[in-house]
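J.: The numbers in numbering that gives the first Met the number 0 rise by one with no breaks, and the one at position 289 of the sequence shown is 288.
Positions of the beta carbon are idealized from the N, C-alpha and C atoms, including for glycine.
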Amino acid sequence: MAEREVTAVRRPSLIDAVVPLIALAVLIAGSLALFGLDALDGPLQVALVVCAAIAALIALKNGHTWEEVQSAGQEAIASVTSALFILLAVGALIGTWNLSGTIPTLVYYGIQVLSPSWFYAATAVICAITALSIGSSWTTAATIGVGLVGIATLLGVSPAITAGAVISGAYLGDKTSPLSETTILTAQMVGVDPREHIKRQVWTSGPAFLIALVVFFVVGLVQAPDVHDTVSTATELADLDKLFWISPVNLLPLLLLVVLSVRKAPASLSLLASALFAGLLAAFTQRQVIADFIAGQGNVVVESIKATWLTMATGFHADTGLAEVDRLVSRGGMASMLYTLWLIFGAVTFGVLLEKFGLISRLVDPMIASAKSTGRLFFTVFACAFGLNIVAGDQYIALVLPARVFRVEFARRGLAPTNLSRLTADSGTVTSPLVPWNSCGAFMGATLGVSTLLYLPYAIFCYASPALSVLYGITGFKIEKVEPAALDPSPGRSD
C-alpha cells in the first residue's frame, strides 16, 4: 500500500510551479491597489492564505495526501514559534517601556544630542554598533530603533527615512556579529568557519554601509529644519518632561536587556524580563502616569499591577491633548502584533508548501542549468534567495535552501564555499526586511510603526549589499577559488 502511494505521486510540472506565484502576484497587487497601505490590516493576510490553499490543491492534484499537506502546515507554524513569542514580547516591551518612561527618556535625551543634519547617518551608526554588540537586528530595532523613530517624529525629520537607517544599521551589525544566529546558521549550512565567513562578509557589508552612510548624510543636510521646527521641538520636549519623570533611571530596562542579550539569554525571555522590570520600575518612578492611565482605580499596588498588565496586553495610551506626544507614546501591547503574526503564518505556510512539494526546486533547477558563467551563477543565487523571501516569507528558508541547492554546484566549479556563504547572507538575510509579508519585514513595520512600503526605498544597505555581492561575482573581485570537487549534496550541518 505505502509503495503504491509513493509511486502515485507525480513530479510537479512547470505550470504547477508557476500558478501559485502568479496567484501571489495577482492577489498582492490587487490588495494593494484596492486598499493601499491598509492592505496590511487584513487583505494581504487573506491573499497569502488563499495562495497557500492553491499550493495545497496542486499538491493534492499531484498525488500527495491531505495528511501530508496538514503536516507541512504544522511544520510551517512550528518554524516560526520563536518569532511568535519574540513578537509578543516586543509588543509588551514597547507598552511597558512607554509606561515606565524608558522610550520618552531616550527621545528626550536623544533630541538634545542628535542634530537633524546628521540624524539619519547617526541613526545607522548607533544601530550598527548595537546590533554588532548583541547580534540581533530584531532586538536592536525593538529598542534603540523605536526610540530613534520617536526622536525623528519630534525633530521634524522623516520617520520613514529613519526606519530605513535603523534597518540599514541593524542588518549590518547582525550580518557581521559573531553572536548572530543567522550568521552562524549561514556559515554552518555552507560548511565554513563562522569567523572566516565574517571576514569575507566585511568585503561587501563594509562598502555597502559606507554607501548608505553617504546617502543618509546628504539627505540629512538637504532636510535642514527651520526656526519654527526648532521652537516646536523645544515645546514638545517641555511637554514630554511634564508628562513623565525624565531621569537616567528610566534607562535601567534597556541596560537589563543589553546585559541579557550579551549573555545570550533567549531573546523572547530577555524581552519579557525587561518588559516586566519596566512595569515594576514604573510603579516607583511614574506614579502619576499610572494614576492617569488607570484613572485612579484602587491603591498604588493594584494600580501598578493593572497598568503593567494592560500595557503588556493592549499597549500604553496617553490622552494629553498634545498630538505629537500622544502619538509618540501611545503604542505597544501584544495585541498590536496580532496582524503581524497572521501575516507571518500565512506567508510561511505558503512557502513551506512550495518547498515540501517540489514547486520551488522545479523552478530553481533550470536556473542552475542555464547559469553558465560565474556572474550568472551569482545572480541566480541572489534571485533564488530574494525570491524565497518573497514567496516563502521567512529569511531562514531564504538562507537554508540556496545553501543546500548551490553548495554542490559551487564546489563543482571550484568556487570556495566562503563565496556562497557571503552571497547567501547578502541575498537572503539583508533583503528579508524589504518584503512586507516576510517575517522580518512584518516585524520591522509593526515594531518601528512605519509601514514596510514606506521605509522600503530608504533601506539603502539592503540594496547595496546584494548588489555588490553580485557585482563581485561578475567581475571576479574577491572571488576565492579552490580545486573543483564533487560533494555530497547534503549540507554540512553539525546537528
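Under 7 Å, do Ala127 and Leu171 count as touching if we go by C-beta distance?
T.: Going by C-beta atoms, Ala127 is nearer than 7 Å to Leu171.
J.: Helix, strand or coil: how does DSSP classify Lys480 here?
T.: Note: Lys480 maps to strand in three-state DSSP.
J.: Can you give me the start and stop residues for the alpha helix (DSSP H) that Trp202 sits inside?
T.: 193–221 is the span of the alpha helix (DSSP H), which, as asked, contains Trp202.
J.: Within the 7 Å Cβ cut-off, does Asp40 reach chain B?
T.: Protein chains in the displayed structure number just one, and chain B is not present.
J.: What does a CB cutoff of less than 7 Å around Ala564 pick up in its chain, not counting 5 residues either side in sequence?
T.: Nothing about residue 564 can be reported from this structure: the residues present for the chain run from 0 to 494 only.
J.: Out of Lys355, Ala458, Arg411, point me to the one whose CA is closest to Tyr64's CA.
T.: Before going on, a small fix: residue 64 reads as Thr here, not Tyr. It is Lys355 whose Cα lies nearest to the Cα of Thr64.
J.: Taking its Cβ as the centre, do 16 or more other Cβ atoms sit within 10 Å of Gly29, making it buried, or is it exposed?
T.: By the neighbour-count rule (16 or more Cβ atoms within 10 Å), Gly29 is not buried but exposed.
J.: Going by C-alpha to C-alpha distance, which of Ser303, Val106, Ser179 sits closest to Leu239?
T.: Answer by Cα proximity: Val106.
J.: Counting along the chain, where does the alpha helix (DSSP H) carrying Asn388 start and finish?
T.: Its alpha helix (DSSP H) spans residues 373–390.
J.: Can you tell me which residues form a DSSP beta bridge with Leu414?
T.: The partner list for Leu414 (beta bridge, DSSP) reads Lys480.
J.: With DSSP run on the structure shown, which of helix, strand or coil describes Thr446?
T.: If DSSP states are grouped into helix, strand and coil, Thr446 belongs with the helices.
J.: Going by DSSP in three states, Gln285 sits in which element: helix, strand or coil?
T.: If DSSP states are grouped into helix, strand and coil, Gln285 belongs with coil.
J.: Would you tell me roughly how many angstroms separate the C-alpha atoms of Asp15 and Ser81, rounded to the nearest one?
T.: When rounded, the distance between both Cα atoms is 32 Å.
J.: From Ser329 to Ile389, what distance separates their C-alpha atoms?
T.: Near 32 Å, if we compare the C-alpha coordinates of Ile389 and Ser329.
J.: Does Trp137 come out as helix, strand or coil in the three-state DSSP assignment?
T.: Reduced to three states, the DSSP call for Trp137 is helix.
J.: Using 8 Å as the Cβ pair cut-off and three pairs as the minimum, do the segment 38–52 and the segment 335–342 touch?
T.: Output reads yes: the segment 335–342 touches the segment 38–52.
J.: Between Gln200 and Thr175, is the Cβ-Cβ spacing less than 7 Å?
T.: Going by C-beta atoms, Gln200 is nearer than 7 Å to Thr175.
J.: Would you call the segment 408–425 and the segment 375–384 touching, i.e. three or more CB-CB distances under 8 Å?
T.: With the cut-off at 8 Å, the segment 408–425 and the segment 375–384 touch.
J.: When you compare only the Cα positions, how much space is there between Phe208 and Gly168?
T.: Each residue's alpha carbon lies about 8 Å from the other.
J.: Whole angstroms are fine: how far does the CA of Gln222 sit from the CA of Pro103?
T.: Rounded to whole angstroms, Pro103 to Gln222 spans 24 Å at the Cα level.
J.: Ends of the alpha helix (DSSP H) at Asp40?
T.: Here Asp40 belongs to no alpha helix (DSSP H), and DSSP marks it neither H nor E.
J.: Which of helix, strand or coil does DSSP assign to Pro177?
T.: In the structure shown, Pro177 sits in coil (DSSP, three-state: anything other than H, G, I, E or B).
J.: Along the chain, where does the alpha helix (DSSP H) containing Gly345 start, and where does it finish?
T.: Unbroken alpha helix (DSSP H) run through Gly345: 337–355.
J.: Along the chain, where does the alpha helix (DSSP H) that runs through Leu250 open and close?
T.: Where Leu250 is concerned, there is no enclosing alpha helix (DSSP H), given that its DSSP letter is neither H nor E.
J.: Buried or exposed: Thr185, going by 16 or more other Cβ atoms within 10 Å of its Cβ?
T.: With 16 or more other Cβ atoms within 10 Å, it is buried.
J.: For a test of the three-state rule: what should DSSP assign to Pro365, helix, strand or coil?
T.: It is helical.
J.: Who are the Cβ neighbours of Ala151 in its own chain at under 6 Å, not counting the five residues just before and after it?
T.: For Ala151, where only same-chain residues beyond five positions count, the Cβ hits under 6 Å are Pro158, Thr161.
J.: For a quick check, are the C-beta atoms of Leu98 and Thr313 less than 7 Å apart?
T.: No, the pair does not count as a contact, with Cβ atoms beyond the cut-off.
J.: Which term fits Pro247, buried or exposed, when burial requires 16 or more other beta carbons within 10 angstroms of its beta carbon?
T.: Exposed, by the Cβ-count rule.
J.: Report buried or exposed for Asn437, applying the criterion of at least 16 other Cβ atoms within 10 angstroms of its Cβ.
T.: Under this definition Asn437 is a buried residue.
J.: What do you get for Ile21, buried or exposed, if any count of 16 or more other CB atoms within 10 angstroms of its CB means buried?
T.: Exposed, since its Cβ has fewer than 16 Cβ neighbours within 10 Å.
J.: On the premise that Leu250 lies in contact with Thr129, defined as a C-beta separation below 8 Å, what is that separation, rounded to the nearest angstrom?
T.: Not confirmed; about 14 Å, so no contact.
J.: For the pair the segment 407–415 and the segment 372–380, tell me if three or more CB-CB distances fall below 8 Å.
T.: The answer is yes - the segment 372–380 touches the segment 407–415, with three or more Cβ pairs under 8 Å.
J.: Check Thr64 in the structure and name its three-state DSSP category.
T.: Note: Thr64 maps to coil in three-state DSSP.
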